[in-house]
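Residue numbers (my numbering): 3 to 281.
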Amino acid sequence: MAEIVKFTGRNDELFCRESADNLHASAQVIVPETHTVLLIKDGVVSEALQPGRHDIFDKENGLFRARKDSDVATVDFVFVSKTAKLPMLWGTSSPIKTRDPITDVAISVGINGELEFRVATPKKFYLELVGADTEYNTDKLKRRILNRLLGIIEPAVTSIMRTERKSYTEFAQYKGDIAVRLKQKIDETLHDEYGLEVCSFSINGTYISESDAAAIERARAELKSVKRTCRKCGATVGLDGKFCPECGENLVESYCSNCGAKLDANAKFCSQCGKRTGA
């Protein structure tokens with residue numbers, strides 16, 4: 003009877019690594035419907051095997067060839083769940099140093115939220131995140147993901163708030179929309195780099211100090227007292243006004259969503275990076 007290797011881990015784990023010694027040429031592995039499996043021998047990693055019964059060795063064409071029935075080998079098996087999702091909390095380790103887009107007041111902002119992901123591409127996930135680290139666990143995985151996550155979130159949030167002229171004192175009004183846009187960017191990055199799929203992403207809140215919030219409010223009060231002239235009709239408008247009350251001209255300065263450069267009025271393309279405006 004052929005030797006059989008079976009999954010013995012828990013279904014709620016992203017992956018389970020097992021090792022089998024002294025396997026003979028007739029050995030097989032059984033993969034459950036809920037998983038795929040990677041075979042590792044002598045540092046070589048197979049493509050993911052789908053559910054079913056598979057020969058581990060192939061005397062003619064297999065990735066792991068057995069020269070004769072008496073040969074024995076040690077093979078590692080990484081069973082990767084198709085369904086398990088790993089939830090985690092995320093948050094900025096230190097406040098983001100930025101400026102309020104409306105008033106240009108220098109402030110420090112903290113952001114936090116929740117994230118849930120699963121493995122979409124088992125081989126990429128193993129090679130990029132797990133590898134030969136036999137002690138790799140979910141805590142290490144979360145730390146790795148968190149570091150990469152913050153590298154995406156911090157500049158993206160700053161760019162969105164700046165290009166769309168949204169004040170951080172009003173962040174709660176926009177966090178749902180911002181989270182949707184961040185999820186897409188994070189999903190693309192984690193999938194390309196680590197073989198992960200982001201199942202859900204949310205922003206729970208943003209935090210600025212009372213002194214920063216007060217500084218923004220003082221600056222906004224000062225802006226209301228400053229007047230400017232509408233470039234289209236010449237009407238006098240408060241500096242905090244977004245549209246001319248006489249002709250409806252948009253008075254808000256626009257910024258490129260790609261590079262952040264200020265856009266000229268009625269520009270169809272950014273003069274700095276060439277991106278089409280509004281694209």
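The beta-carbon is built from N, C-alpha and C at its ideal position, and this holds for glycine as well.
Closest option to Leu-16, judged by alpha-carbon separation, among Phe-127, Ile-188, Ala-216: Phe-127. Your pair Leu-151 and Ile-188 checks out as a contact, with CB atoms roughly 7 Å apart and the cut at 8 Å. Within the stretch 123-197, the complete alpha helix (DSSP H) segments of 4 residues or longer fall at 124-127, 140-165, 173-196, listed in chain order. A straight-line Cα-Cα distance of about 9 Å links Leu-25 and Phe-59. In the DSSP assignment, Asn-114 forms a beta bridge with Gly-93, Gly-207. The C-alpha of Ser-28 is placed about 52 Å away from the C-alpha of Ser-95. Distance check between Thr-10 and each of Ser-48, Phe-81, Val-132, Ala-75 places Phe-81 closest, using alpha-carbon atoms only. At a Cβ-Cβ threshold of 8 Å, Ile-205 and Ala-181 count as neighbours. Distance from Arg-233 to Glu-251 at the Cβ level is roughly 7 Å; contact confirmed, criterion being Cβ atoms closer than 8 Å. Each of Lys-142, Gly-178, Glu-130, Ser-169 was checked against the Cα of Thr-105, and the nearest Cα belongs to Ser-169. Put simply, the stretch 186-202 touches the stretch 117-127. At least three CB pairs are less than 8 Å apart. Around the CB of Ala-50, 16 or more other CB atoms lie within 10 Å, so the residue is classed as buried. Going by DSSP, Leu-41 is part of the beta strand (DSSP E) stretching over 37-43. Looking at the DSSP output, Ile-32 sits in a beta bridge with Lys-8, Arg-55.
Counting only the Cα atoms, Gly-115 lies some 32 Å from Arg-278. Between Lys-226 and Glu-190, the alpha-carbon positions lie close to 42 Å from each other. DSSP, reduced to helix, strand and coil, places Lys-226 within a helical segment of the structure shown.
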